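Q:
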Amino acid sequence: MNTLINVARYHLVDRLQYVVLPVGITFFAFGVNLAIFSLLPETPNENYSGGLFTLYVFMLVCGALSMTKSLPFGLALGVSRRSYYLGTILLVAGLSALYAVGIVVFQAIENATGGWGLGLNYFRVPWLLDGPWYLTLLTSFVFLTLMFVYGMWYGLIYRRAAVVGVVLFGAAQVLVLLGGVLLLSWTDSWPKLGTFFSTLTVGGVTGVLALLVCVAGAGGFATMRRVTV
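So the sequence shown is numbered by numbering that gives the first Met the number 0: it starts at 0 and just counts up by one.
In structure tokens form, the structure reads like this:
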């Protein structure tokens, strides 16, 4: 366990990448949204900007960088691949928990101020992050973790096979999606899929995201064992 903690601390030496930039960019986008909405003469009572997704996108980038930029030196310090990977997972769990709590806190402030006095919902996402605080906390945590772990997998693919590998990896995912579309069409299952999604709750979506975290985590771990540095 101490080794995993040391790996997480190793990553946090670069606080600019993991803390300063994600938080800074999120609040920069928030400031831009505030400025825009304050200049608009009339706006609806409820305005959802979608700017919060900048944080999720940056988590994807951080995940990729944790495996492309930081991996060689980390392994040079004598850390095993397994320990490095699990230590990075420990890091993302901590960061995701921290940012999820931050989202819940700022949602509460946003609600108390009537959307910052402008009816602006920056820290809320319609339906997905717009429910009870505990569900928002859980969904945010899982979604942030998914983005980081998915980025890790992409970073490992890059370390393993460079740009060609990344392109092929992306193409393979597109082919899987196309295969799913064809299968649904051939079996006339679109109505069933529509019924499934129409009855899916936010908790159900969170469960699906958690399953994807496991898939991406397992895929990344399998790739990690074949990476050369």
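Heads up, the beta-carbon is just placed ideally off N, CA and C, and yes, glycines get one too.
Since we're looking at a predicted model, the values are computed, not measured.
1. Any chance the stretch 127-147 sits against the stretch 190-207, with 3 or more Cβ pairs inside 8 Å?
2. Look at Gly150 and Cys61 and say whether their C-beta atoms are less than 9 Å apart.
3. For Ser82, which residues from the same chain have a beta carbon less than 7 Å from its beta carbon, with the 5 sequence-adjacent residues on both sides left out?
4. Excluding five sequence neighbours on each side, which residues of the same chain lie with their C-beta closer than 6 Å to the C-beta of Ala28?
5. At which residues does the alpha helix (DSSP H) containing Leu234 begin and terminate?
6. Select from Phe122, Gly178, Phe147 the residue whose C-alpha is nearest the C-alpha of Ala63.
7. If you drop the 5 nearest sequence neighbours on each side, which residues of the same chain put their C-beta closer than 7 Å to that of Leu38?
8. Quick one: is Leu76 buried, meaning 16 or more other Cβ sit within 10 Å of its Cβ, or exposed?
9. Would Leu119 and Ser188 qualify as a contact pair, given that the criterion is a beta-carbon distance under 9 Å?
A: In terms of the structure at hand:
1. yes
2. Here the question's residue 150 lines up with position 151 in the sequence shown. Here the question's residue 61 lines up with position 62 in the sequence shown. Yes, the pair counts as a contact, with Cβ atoms nearer than the cut-off.
3. For the purposes of this step, residue 82 is taken as the residue at position 83 of the sequence shown. Counting only Cβ-Cβ distances below 7 Å, and skipping sequence neighbours, we find Thr2, Leu3, Val6.
4. As a first step, residue 28 is located in the sequence shown; it is residue number 29 there, counting from the start. Hits under 6 Å: Gly50, Thr53.
5. Given a span of 0 to 228 for the chain in the structure shown, any question on residue 234 remains unanswerable.
6. In the sequence shown, the residue the question calls residue 63 occupies position 64. Nearest option by C-alpha distance: Phe147.
7. Residue numbering aside, residue 38 sits at position 39 when the sequence shown is read from its first letter. Closer than 7 Å at the Cβ level, and outside the excluded window around Leu38, lies no residue.
8. As a working note, residue 76 is residue 77 in the sequence shown. Exposed: under 16 other Cβ atoms inside 10 Å.
9. Numbered from 1 along the sequence shown, position 120 holds the residue referred to as residue 119. Numbered from 1 along the sequence shown, position 189 holds the residue referred to as residue 188. Cβ atoms of Leu119 and Ser188: not closer than 9 Å.
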